[in-house]
Each structure stands twice: as structure tokens, then as C-alpha cells.
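Visitor: This is the structure, below, for whatever I ask next.
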Amino acid sequence: MPDIAWFRRDLRLSDNPMLTAAGERDGSAVPLFVVDPALWEPASDVRRAYLAHSLRALDADLSGQLLVKHGDPVARVVDVARRAGAESVHIAADFGPYGAQRDEAVRAALQAEGIDLVVTGSPYAVAPGRVTKDDGTAYRVYTPFYRAWRRHGWRAPAADPDVTWVMAEECDGIPSAPDLPFDLPAAGEEAALERWAAFRDQRLQEYADHRNLPAIDGTSAMGHHLKWGEIHPRTMLADLGDSEAEDVFRKEIAWREFYADVLHQRPTSARQSLDARFDDAFAWDSGDRADELFEAWAAGQTGYPFVDAGMRQLLTEGWMHNRVRMVVASFLVKDLHLPWQRGAAHFMRWLRDADLASNSHGWQWTAGCGTDASPYHRVFNPVGQGERFDPDGDYVRRYVPELAHLPGKAVHQPWEVLGGYDGGYPERVVDHAAERLDALDRFARMKEVGTAT
DNA sequence: TTTTGAGTTGTTCGA
DNA sequence: GTCGAACAACTCAAA
0 MPDIAWFRRD
10 LRLSDNPMLT
20 AAGERDGSAV
30 PLFVVDPALW
40 EPASDVRRAY
50 LAHSLRALDA
60 DLSGQLLVKH
70 GDPVARVVDV
80 ARRAGAESVH
90 IAADFGPYGA
100 QRDEAVRAAL
110 QAEGIDLVVT
120 GSPYAVAPGR
130 VTKDDGTAYR
140 VYTPFYRAWR
150 RHGWRAPAAD
160 PDVTWVMAEE
170 CDGIPSAPDL
180 PFDLPAAGEE
190 AALERWAAFR
200 DQRLQEYADH
210 RNLPAIDGTS
220 AMGHHLKWGE
230 IHPRTMLADL
240 GDSEAEDVFR
250 KEIAWREFYA
260 DVLHQRPTSA
270 RQSLDARFDD
280 AFAWDSGDRA
290 DELFEAWAAG
300 QTGYPFVDAG
310 MRQLLTEGWM
320 HNRVRMVVAS
330 FLVKDLHLPW
340 QRGAAHFMRW
350 LRDADLASNS
360 HGWQWTAGCG
370 TDASPYHRVF
380 NPVGQGERFD
390 PDGDYVRRYV
400 PELAHLPGKA
410 VHQPWEVLGG
420 YDGGYPERVV
430 DHAAERLDAL
440 DRFARMKEVG
450 TAT
């Protein structure tokens, strides 16, 4: 009788040791995916659509044998395992706040039926909790984490599994993908491996320089593949040598692992500031005016071209260049004085690669309330960032057509154009220089409150 | 226990 | 235009 291979965030066949474990006893296994309403219902259309496409790709790779069930995983997994006569259910570890709890509930329910839940591997090169200081506690600063992470090392990519896939019972069907205002890139393992190979062979050696220029296709854009485990970071790490560019890219993979580790240690940090003063004592704005400003930010109508280009890229592509993510995040938190959680929720809704750990902690880094946070006085200048990283203005013109007639870097300051600017592009909603000082002042006041109590 | 050096991504100001 | 200092201390990691 076959065992069960329960897929979750590892929608691939290669470099997936869980699958080898699942086939070891019987030579055959039931590949299962459960559409969990607790995750599906609150998910945005972008996430639903990508997952639906990815499941179709996985099903094709499994010759149509993927068993999809809808409902509470505790009930569904136990039902499938019992009916299949399985001795064990195999998973890769999930370290997210919801996933970890769910897996313990499933483990208990399976145990009552005499079925084992076997954990093999995780979505990370080094599983969260494995890299610790000498005293066994977790790192809170990236650089020492990175050094220890490299010392710890990781396995070579796993061999392909030798398993016969069987669908033991009737499939509930892969959910249909909601319509989106844009096309998502191809999903699935084959697309992930192709995208990785193209980046590795064509763009990796320029990565250190090009990754900061949003007008150029200089980043890997692998986030959505990593998020669903269509490729394992181990597969990518195994291809990296020791050039400067490869080192920079390896550090980006390590950031993903660091933030997963932080979330594992502090599950509440997905939505609460690691520095609690920012939730308790900071003077964030709220009310009608704050809501208006948030809407202007979200729609790409702030009057700051580099910010607006990024926010519009998000809405038209479901993706935003990393450099611009930092700039728009800084603008929301430090120019508009809105809590990082509002921006993080917007990103989670629209980014095709939205990952809870990286998103929450990236925002907290910008806001200054996270682990290893940026110094609070480090406030991005939205004009200066545009002039520095989009020096020819090509990125802005691509996403802000009202400014397409302005040449070169003049697009970054349309208010300087003689005779004013037209075409319906909005005036600046706030004055950056004034809001920067306001932000620093609010920070100082928060510290006074913090030390007084 | 104490000490010391260091900490992703920036901006502004004045010389 | 370029350069260094100031920005604000504070916490963390490791010796």
C-alpha cells in the first residue's frame, strides 16, 4: 500500500528529498495537495491564480496523478491516508506560524490512526532554528547570521525520486484561477529551472551592479518560484561560485533564510513590530486624511514619480523591483507616517512573490522597528533615489505615461519643468523635506515616551 | 563579566 | 563637484 506525499510549499519533483522518503517503503506513493480554506479564503486573487497555475504544472509533471482535496487538512489528510492504507504521510517542514500549528494538529490526528507524519527537509538550505549562536540562542543581526549560516553549510541537491505515483481516489479538482488585470509569468518547476538557468548564464555576473537599476532586467525575479518551492534554494546555491556577484546573490538567498529564522523564533513578528514601542508609543497617522494618502500611495498618485512608477508597476505586473520596494516603503512610513503593517498588507495582496517572513521583516527593516533595523534617521529621498538608480528616467517613463514626454532625468522632478507640467499627473501630496523632519521628530518623541515609562 | 568592534541598501551640510 | 562628518545612540556578537 502506498504512503502519502503531501505537497504544500514544495511544488516540484527534483531536489525534493521528501518524495524519495515517501516512495522508500512501497515504491509507490499518493501525491496529495489540500486546498485549505484557512489559507485559500483570505488569499488575494494574485496568490490564488499563481497557485492554481502551479498546481496544474505539478499535476502535468505527475502525469495527471496529483490528488487535490478541498477542506480542513486535519480531516482530509487523515481520510486520504486511512483509505489508501498508508503507514506514513510525508511532508517537508513548514516553519510559518500557521503551517507549524497545522502540522502539529495533523500529526496528532494521524497518530490516533496509527499513521506517522514524517518530516524530511524544508524550503530552506538550512532549516530555521539550526543556525544559532554558541549559547544556542538565535541571531538577531544579519551579518553574523550569514557567517554562521555559511559555516553550517547545506546538502548537495537531492537525487531524483524513484517513485510510482498513484491517485488513490477521486480528485476534488484544481481550483480555477481568478482573472487578473495582468498576465502572471509561467508557473511550475520547468519554468523555475528555465528562469534560473537564464539568469545564471546571462545576468548573474552583472548582478552586483545591475540589481539596483529598476529599468534593467538585472534581478533574478525568482521569488515566486521560491515561494511555492518550484525550485529549492539548494539547487541555486549549488550553481554559485565565488565571484563578487555570486557572493552578493548568495547573500540575498541568505536574507530569505534569516527572515524565516526570525519569524520562526518570533511568530508574532509577522504583524507586530519586533520593537514594540513602534506599535505602542509611535505617533502614526490615522483618519480620513491618512486614508486618502494611503489610497494615493497605493494607486501610484503621490506626485513623486519614482514612487508612483513602483506602485503602478505593482498593480500592472504583480511585481515591483526590489530597489523601488524600499523607496515606496520608506515613503509610506516616513513621509506619510502610516504604519508599516498597512503597506505590508498591500504588498501581500499584490505581489506575486509575497512571502510572509520576507515581507514583514523587510517592511520592519525600513520602518526601523525590526531585527537588525536600519537606523531610523536613514530616510530615503524619493527624488534622489530616482536620479541615482534611474538616471535616464526610463523606468519612470515606462510606468507613468503622463510624464513620457519629459526627457532624461527631468521625469524625476516634473515640478521643475518650465511652465509647470500637464497631462494629469498629480501635484506632490506632501513635501518630502518637511515630512522627513516630522518623521525624525516623531521618532525622538517615541523614545522619550519609551524611556519615561 | 567585561570590553570592544560592528551593524544591507541613506541624506544633508559644510568645507 | 567631491569629500568627510554628523545624524543617535543602542544592541548584538564574540573575544
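With numbering that gives the first Met the number 0 applied, the first sequence has no gaps in its numbers, which climb one by one up to 452 at the end. Just so it is clear, CB atoms sit at the ideal spot from N, CA and C, and this is done for glycine as well. Since we're looking at a predicted model, the values are computed, not measured.
May I ask you to report which of helix, strand or coil DSSP gives T131?
Guide: Residue numbering aside, residue 131 sits at position 132 when the first sequence is read from its first letter. Here T131 sits in strand by DSSP.
Visitor: Since H52 is in the alpha helix (DSSP H), which residue starts that stretch and which ends it?
Guide: Translated into positions along the first sequence, residue 52 becomes position 53. Run containing H52: 44 to 60, per the alpha helix (DSSP H) assignment.
Visitor: Using C-beta distances below 6 Å, list every residue in its chain close to M445, excluding the 5 sequence neighbours before and after it, in chain order.
Guide: Here residue 445 refers to the residue found at position 446 of the first sequence. For M445, where only same-chain residues beyond five positions count, the Cβ hits under 6 Å are R276, A280, F281.
Visitor: Looking at the structure shown, is F388 part of a helix, part of a strand, or coil, going by DSSP?
Guide: Looking up residue 388 in the first sequence gives position 389. Three-state DSSP puts F388 in a helix.
Visitor: Answer with buried or exposed for M0, where buried requires no fewer than 16 other C-beta atoms within 10 angstroms of its C-beta.
Guide: Taking the first residue of the first sequence as position 1, residue 0 is located at position 1. Its Cβ having fewer than 16 others within 10 Å, M0 is exposed.
Visitor: If you count every other CB in all the chains shown that lies within 10 Å of the CB of P456, and 16 or more means buried, which is it?
Guide: The question about residue 456 has no answer, for the chain in this structure spans 0 to 452.
Visitor: Give the range of the alpha helix (DSSP H) segment to which D246 is assigned.
Guide: On the first sequence, residue 246 is found 247 positions in, with the first residue counted as 1. In the DSSP assignment, D246 falls within the unbroken alpha helix (DSSP H) covering 243 to 264.
Visitor: Just checking my contact of L292 with V428 at CB under 8 Å: how many whole Å lie between their CB atoms?
Guide: Working through the first sequence from its first residue, we reach residue 292 at position 293. Working through the first sequence from its first residue, we reach residue 428 at position 429. About 6 Å separates the two Cβ atoms, so the contact holds.
Visitor: Buried or exposed: T163, going by 16 or more other Cβ atoms within 10 Å of its Cβ?
Guide: Looking up residue 163 in the first sequence gives position 164. Counting other Cβ atoms within 10 Å of its Cβ, T163 stays below 16 and is therefore classed as exposed.
Visitor: Is P213 near Y394, with beta carbons less than 9 Å apart?
Guide: As a working mapping, residue 213 is identified with position 214 in the first sequence. As a working mapping, residue 394 is identified with position 395 in the first sequence. In contact: P213 and Y394 (Cβ atoms closer than 9 Å).
Visitor: Tell me, which residues are paired with T163 by DSSP?
Guide: Position 164 of the first sequence, counted from the start, is the residue given in the question as residue 163. In DSSP, T163 forms a bridge with S27.
Visitor: Determine the DSSP secondary structure at T452, reduced to helix, strand or coil.
Guide: Residue 452 sits at position 453 when you count from the first residue of the first sequence. Confidence at T452 is low in this model, with a pLDDT of 39, below 50, so the placement of that residue should be treated as unreliable; the coordinate-derived value is given next. Here T452 sits in coil by DSSP.
Visitor: State buried or exposed for E103, treating a residue as buried only when at least 16 other CB atoms are found within 10 Å of its CB.
Guide: The residue you call residue 103 lines up with position 104 of the first sequence. Burial call: exposed.
Visitor: Would you say the segment 225 to 232 touches the segment 49 to 60, given that touching needs at least three Cβ pairs under 8 Å?
Guide: Yes: at least three Cβ pairs fall under 8 Å.
Visitor: Starting from the C-beta of A48, find all residues in its chain whose C-beta is less than 7 Å away, skip the five residues before and the five after it, and write them out in chain order.
Guide: One-based indexing of the first sequence puts residue 48 at position 49. Correct list, in chain order: A176, P177, L179, L183.
Visitor: Tell me the residue span of the alpha helix (DSSP H) that contains S329.
Guide: Residue numbering aside, residue 329 sits at position 330 when the first sequence is read from its first letter. Note, S329: alpha helix (DSSP H), 321 to 329.
Visitor: For H151, is the classification buried or exposed, using 16 other Cβ atoms within 10 angstroms of its Cβ as the cut-off for buried?
Guide: As a working note, residue 151 is residue 152 in the first sequence. With fewer than 16 Cβ atoms within 10 Å of its Cβ, H151 is classed as exposed.
Visitor: Cβ of P425 within 9 Å of Cβ of A295?
Guide: By one-based count along the first sequence, residue 425 stands at place 426. By one-based count along the first sequence, residue 295 stands at place 296. Yes, the Cβ-Cβ distance between P425 and A295 is below 9 Å.
Visitor: Starting from H69, trace the beta strand (DSSP E) both ways and give me its first and last residue.
Guide: Along the first sequence, read from residue 1 onward, the residue named residue 69 stands at position 70. 66 to 69 is the span of the beta strand (DSSP E), which, as asked, contains H69.
Visitor: Given a threshold of 16 other Cβ atoms within 10 Å of its Cβ, counted over all protein chains shown, does A191 qualify as buried or as exposed?
Guide: Counting from 1 along the first sequence, the entry for residue 191 is found at position 192. A191 should be labelled buried.
Visitor: Can you check which of these residues, S329, D133, V67, L402, is closest to A167 by C-alpha distance?
Guide: By 1-based counting over the first sequence, the position of residue 167 is 168. Looking at the Cα atoms, V67 is the closest of the given residues.
Visitor: In terms of residues, what are the limits of the beta strand (DSSP E) holding F6?
Guide: Counting from 1 along the first sequence, the entry for residue 6 is found at position 7. It spans 2 to 6 - the beta strand (DSSP E) in which F6 sits, taken as one unbroken run.
Visitor: Taking the alpha-carbon of Y375 as reference, which of K408, A443, S219 has the nearest alpha-carbon?
Guide: Translated into positions along the first sequence, residue 375 becomes position 376. Comparing Cα-Cα distances from Y375 to each of K408, A443, S219, the minimum goes to A443.
Visitor: Where do the ends of the alpha helix (DSSP H) carrying S121 lie?
Guide: Position 122 of the first sequence, counted from the start, is the residue given in the question as residue 121. From DSSP, S121 is part of no alpha helix (DSSP H); its letter is neither H nor E.
Visitor: Shortest alpha-carbon distance to G128 belongs to which of E86, D352, Q264?
Guide: What you label residue 128 is simply residue 129 of the first sequence in a count that begins at 1. Checking every option, the nearest Cα to that of G128 belongs to Q264.
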